[in-house]
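A.B. asks: Dropping the structure in here first, questions after.
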Amino acid sequence: MVCLSLHRVRWVFSNCISSLFFSPGNSRETLLFGGPDPNRSNMHESTKGTEPDNGVSTRDSAPIRLHTVRILFSHDITQLMKDIKRNALDDVVVDAVPLQEVGAQHQAQDEHDCTKNAFLVDLAVLESGILRVRRKYGIIKFIPLSSDDPIVLQQPATDPDLKKALCYQHLHSKYLQEYEKRRDLAEVLGYEMHEYLKNWYDGCLRDITRRLAQLGYF
10 MVCLSLHRVR
20 WVFSNCISSL
30 FFSPGNSRET
40 LLFGGPDPNR
50 SNMHESTKGT
60 EPDNGVSTRD
70 SAPIRLHTVR
80 ILFSHDITQL
90 MKDIKRNALD
100 DVVVDAVPLQ
110 EVGAQHQAQD
120 EHDCTKNAFL
130 VDLAVLESGI
140 LRVRRKYGII
150 KFIPLSSDDP
160 IVLQQPATDP
170 DLKKALCYQH
180 LHSKYLQEYE
190 KRRDLAEVLG
200 YEMHEYLKNW
210 YDGCLRDITR
220 RLAQLGYF
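Residues in the sequence shown are numbered from 10 upward in steps of one, following the numbering used here.
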């Protein structure tokens, strides 16, 4: 009877913790991902010290690296996180950075050539999940940060290089803003941002800075 009661207490506690971090409208479930949940086991920690069948320690395995996958999200941008979870992609999509403000949708055409409003979003995706993400959200019909990038085309300038520079400045500001949000959230909730997420943000910011430097703006 005591064991049963203890089991019940653990079950209730587990559900309370789950609802605290994942219930809709909670500060953890914002428009963007607030970084990996500190209550989930760290991808590095969960394998630390274990020995796979081939006898090679997972400590020697390659570090986790996130890849940037740009998508056109054709629904309410505030539903992005829920849509990713609904499509069972939250195990491979670690973070998301909307690149346009609400009301600045991009007019795009789907596979049936139907025009739709869509938001451009950069996703931080594990390599193993890139194909799954692209199968769900499709492949964009332009090269990100190229002259055909809608964000470049939307810039209020006529000179092509100036258009790119304004785009890069906008993206740098967006990434830096979201990076600071993640770090602030981690500090408030008392957990450490995963190193691979920090590396992703740092890498994106370095790439944008490099492109600005090539145009002579740094």
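Idealized CB from N, CA, C, for every residue including glycine.
Computed from a predicted model, the values in this text were never measured in an experiment.
Count the other CB atoms, across all protein chains shown, that sit within 10 Å of the CB of residue 215; report buried if there are 16 or more and exposed otherwise.
C.D. replies: Translated into the one-based positions of the sequence shown, residue 215 becomes position 206. Per the 10 Å Cβ criterion, exposed.
A.B. asks: Figure out for me which residue from 92, 198 and 160 has the closest Cα to the Cα of residue 183.
C.D. replies: Stepping through the sequence shown from its first residue, residue 183 is reached at position 174. Of 92, 198 and 160, the residue nearest in Cα terms is 160.
A.B. asks: Would you kindly work out how many angstroms separate the C-alpha atoms of residue 224 and residue 208, rounded to a whole number?
C.D. replies: For the purposes of this step, residue 224 is identified with residue 215 of the sequence shown, where counting begins at 1. For the purposes of this step, residue 208 is identified with residue 199 of the sequence shown, where counting begins at 1. One C-alpha to the other measures close to 24 Å.
A.B. asks: Closest to residue 96 by CA distance: which of 129, 79 and 138 is it?
C.D. replies: In the sequence shown, counting from the first residue as 1, residue 96 sits at position 87. Among 129, 79 and 138, the Cα nearest to that of residue 96 belongs to 138.
A.B. asks: If we count the other Cβ atoms within 10 Å of its Cβ and call it buried at 16 or more, is residue 107 buried or exposed?
C.D. replies: Within the sequence shown, numbered from 1, the residue matching residue 107 stands at position 98. It counts as buried.
A.B. asks: Mind checking residue 191: buried by the 16 CB within 10 Å criterion, or exposed?
C.D. replies: Residue mapping note: residue 191 aligns to position 182 of the sequence shown, counting from 1. The residue in question, residue 191, is buried, as its Cβ has 16 or more Cβ neighbours within 10 Å.
A.B. asks: What's the C-alpha gap between residue 206 and residue 157?
C.D. replies: Taking the sequence shown and counting its residues from 1, the one referred to as residue 206 is at position 197. Taking the sequence shown and counting its residues from 1, the one referred to as residue 157 is at position 148. Going from the Cα of residue 206 to the Cα of residue 157 covers about 28 Å.
A.B. asks: Check residue 77 in the structure and name its three-state DSSP category.
C.D. replies: Working through the sequence shown from its first residue, we reach residue 77 at position 68. The answer is strand: DSSP assigns residue 77 an E or B state.
A.B. asks: Which first and last residues belong to the beta strand (DSSP E) in which residue 107 is found?
C.D. replies: Position 98 of the sequence shown holds residue 107. First-last of the beta strand (DSSP E) with residue 107: 102-107.
A.B. asks: Given that a residue counts as buried once 16 or more other Cβ atoms are within 10 Å of its Cβ, and exposed if not, what is residue 187?
C.D. replies: Locating residue 187 in the sequence shown gives position 178, where the first residue counts as 1. The residue in question, residue 187, is buried, as its Cβ has 16 or more Cβ neighbours within 10 Å.
A.B. asks: From the DSSP output, in three-state form, read off residue 170 for me.
C.D. replies: Residue mapping note: residue 170 aligns to position 161 of the sequence shown, counting from 1. Correct three-state label for residue 170: helix.
A.B. asks: Going by beta-carbon coordinates alone, are residue 218 and residue 181 separated by less than 8 Å?
C.D. replies: The sequence position of residue 218 within the sequence shown is 209, counting from 1. The sequence position of residue 181 within the sequence shown is 172, counting from 1. Yes, these two residues count as a Cβ contact at 8 Å.
A.B. asks: Hey, would you say residue 74 sits closer than 8 Å to residue 131, going by beta carbons?
C.D. replies: Along the sequence shown, one-based indexing puts residue 74 at 65. Along the sequence shown, one-based indexing puts residue 131 at 122. Against a cut-off of 8 Å, the Cβ pair of residue 131 and residue 74 comes out as no contact.
A.B. asks: Which residue's Cα is closest to the Cα of residue 134: 128, 143, 126 and 127?
C.D. replies: By one-based count along the sequence shown, residue 134 stands at place 125. Ranking the options by Cα distance to residue 134, first place goes to 143.
A.B. asks: Using a Cβ-Cβ cut-off of 7 Å (strictly less than) and excluding sequence neighbours within five positions of residue 177, which residues of its own chain qualify?
C.D. replies: Stepping through the sequence shown from its first residue, residue 177 is reached at position 168. Contacts found: 217, 220 and 221.
A.B. asks: I need the boundaries of the alpha helix (DSSP H) containing residue 222, first residue and last residue.
C.D. replies: For this step, residue 222 is matched to residue 213 along the sequence shown. Unbroken alpha helix (DSSP H) run through residue 222: 204-223.
A.B. asks: Please classify residue 197: is it buried, with 16 or more other beta-carbons within 10 angstroms of its beta-carbon, or exposed?
C.D. replies: As a position in the sequence shown, residue 197 is number 188, starting the count at 1. Its Cβ having fewer than 16 others within 10 Å, residue 197 is exposed.
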